[in-house]
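Colleague:
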Amino acid sequence: MKAKSYGFAIAALSVAVLSGCANNGPQGSAHNSLDADTDRIAQLEAELDRLRHSGPQGLTPPNPKAGECYARVLTPATFETRSHTIETVAPSQRIETTKAKYINTTQRVIATEESSRLQIIPATFKTVTDTIIVQEASTRLVQTAATFRTVSEKILVSPARTEWKKGRGPIQKIDTITGEIMCLVEVPAVYKTITKRILEQPASVRSIEVPARTKTISRRVVDQPATTRSVTVAATYKDVHIHKLLQAASQHTINIPGQTKTISQRIKVLDSQLEWRSILCETNTNGDVVRRLQRALRANNYNPGPIDGILGRETLAAVNSYQKANDLASGQLTIATLRKLGVSQ
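FYI, in numbering that gives the first Met the number 0 the residues of the sequence shown are 0 to 344.
Spelled out as structure tokens, the structure:
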């Protein structure tokens, strides 16, 4: 029986969500269509599923008034702000180091130890002259290019011939009917002169003897090789500036306390729920009320669609957005929403 009651309540709520309180008339048929906001339906169905397991629901609104329409609408969840302290920086330690102290002083030190070095006695050189062959004797082939001459030749282009041509002048007419005469004339032969190059002497190759080439060069040669001898080098000294330690470095530990911060957190204390609320429907409204509602929504920067006095999909979507932004019960156009917008019935 309990499940049956819930089924009836869900069915009744679905009808209310999709169509409000439908009556006869053109305005009812406009917003009784299936153009309801699917997001709002999905949200209400989720809330119904939650409320189905939370306890029994009444099938009629409490304390109803004649001439008013009612529907279950989704009241927003209740939140409260709570403050608590958290640790932002943990306690720590810092190690401070005291630098070592030094003094500047002068100290005499050996720059170079006593040593011995080898002194090099350089080698001596002399110049000698030699004759060398730069290029061996050889044979070179010389190519003689072919020679040509230009000759002219007269050639026949077209031979002499006879051909028929139309006659001119009245004395040549032989046909008194047509007036046309034909003459056999001789066309002389046509010649042209062409120029061409002919080979006069072919190319040839001859051998030429190339004598060897020599060159006289001078070069330096060692006359006496280099030698070495040992030389003693005395030690050297110098004064240097030194950084002498006067007091050694030291360390000590400093305790650093932790840091805390107080933060505020918004916590939900009461879930959203379905409640019976007085709503606007065809029984208690008209086109003028809807137009004033649409103007009020537009004045609050919500797009209700055209100002046509029809409670259509765009108007209901704008109402739902306004309700959520102002923590009002959503899912239907409630009387509380009209009052918040300053729209009277």
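We put the beta carbon where it would ideally sit given N, CA and C, even for glycine. From a predicted model like this one, the values you see are computed outputs, not experimental measurements.
For Lys323, name the three-state secondary structure that DSSP assigns.
Modeller: Note: Lys323 maps to helix in three-state DSSP.
Colleague: Measure from the alpha carbon of Lys165 to the alpha carbon of each residue in Val108, Ile180, Pro158, then state which is nearest.
Modeller: Closest by alpha carbon: Ile180.
Colleague: Pick helix, strand or coil for Leu244, following the three-state DSSP scheme.
Modeller: Strand at Leu244.
Colleague: Are the beta-carbon atoms of Arg290 and Ile306 separated by less than 7 Å?
Modeller: Yes, they are a contact pair.
Colleague: What are the residues that DSSP puts in a beta bridge with Leu310?
Modeller: In DSSP, Leu310 forms no bridge with anything.
Colleague: Here's the rule I'm using: 16 or more other beta-carbon atoms within 10 Å means buried, otherwise exposed. How should Ala316 be labelled?
Modeller: Ala316 comes out buried.
Colleague: According to DSSP, which residues form a beta bridge with Asp238?
Modeller: Answer is Arg107.
Colleague: Start and end of the beta strand (DSSP E) containing Gln293?
Modeller: No beta strand (DSSP E) holds Gln293; the alpha helix (DSSP H) holding it covers 286-298.
Colleague: Do you know offhand how far Ala99's Cα is from Gln258's?
Modeller: Roughly 33 Å separates the two Cα atoms.
Colleague: Can you tell me whether Pro25 is buried or exposed? The criterion is at least 16 other CB atoms within 10 Å of its CB, across all chains shown.
Modeller: Low confidence applies to Pro25: its pLDDT is 34, below 50, so where it sits in the model is not reliable, and the reading given next is rough at best. The residue is exposed, with fewer than 16 neighbouring Cβ atoms inside 10 Å.
Colleague: Among residues of its own chain, excluding the 5 on either side of Ser114, which ones have a beta-carbon nearer than 7 Å to its beta-carbon?
Modeller: Correct list, in chain order: Val232.
Colleague: Mind checking Asn103: buried by the 16 CB within 10 Å criterion, or exposed?
Modeller: Looking at its Cβ environment, which holds fewer than 16 other Cβ atoms inside 10 Å, Asn103 is exposed.
Colleague: Give the DSSP bridge partners of Glu185, in chain order.
Modeller: Partner(s): Thr161.
Colleague: If Ala234 and Glu112 are in contact, beta carbons under 8 Å, what's the gap, nearest whole angstrom?
Modeller: Ala234 to Glu112, Cβ: 6 Å. Contact.
Colleague: Please go through the same chain and pick out, in chain order, the residues whose beta-carbon is closer than 7 Å to the beta-carbon of Glu199, but skip the five residues on each side of it.
Modeller: These residues qualify, in order along the chain: Thr146, Phe147, Arg148.
Colleague: Can you say whether Val209 is buried or exposed, counting buried as having 16 or more other CB atoms within 10 angstroms of its CB?
Modeller: Looking at its Cβ environment, which holds fewer than 16 other Cβ atoms inside 10 Å, Val209 is exposed.
Colleague: Under the rule that 16 or more other beta-carbon atoms within 10 Å means buried, what is Tyr301, buried or exposed?
Modeller: Counting Cβ neighbours within 10 Å, Tyr301 comes out buried, since at least 16 surround it.
Colleague: DSSP three-state call for Ile255: helix, strand or coil?
Modeller: Three-state result, Ile255: strand.
Colleague: Pairs of beta-carbons, one from the stretch 122-138 and one from the stretch 204-221, closer than 8 Å: are there three or more?
Modeller: With the cut-off at 8 Å, the stretch 122-138 and the stretch 204-221 touch.
Colleague: Pull up the CB-CB distance for Pro95 and His251, whole angstroms please, since I reckon it's below 8 Å.
Modeller: Before going on, a small fix: residue 95 reads as Glu here, not Pro. Their Cβ separation, rounded to whole angstroms, is 6 Å, which keeps Glu95 and His251 in contact under 8 Å.
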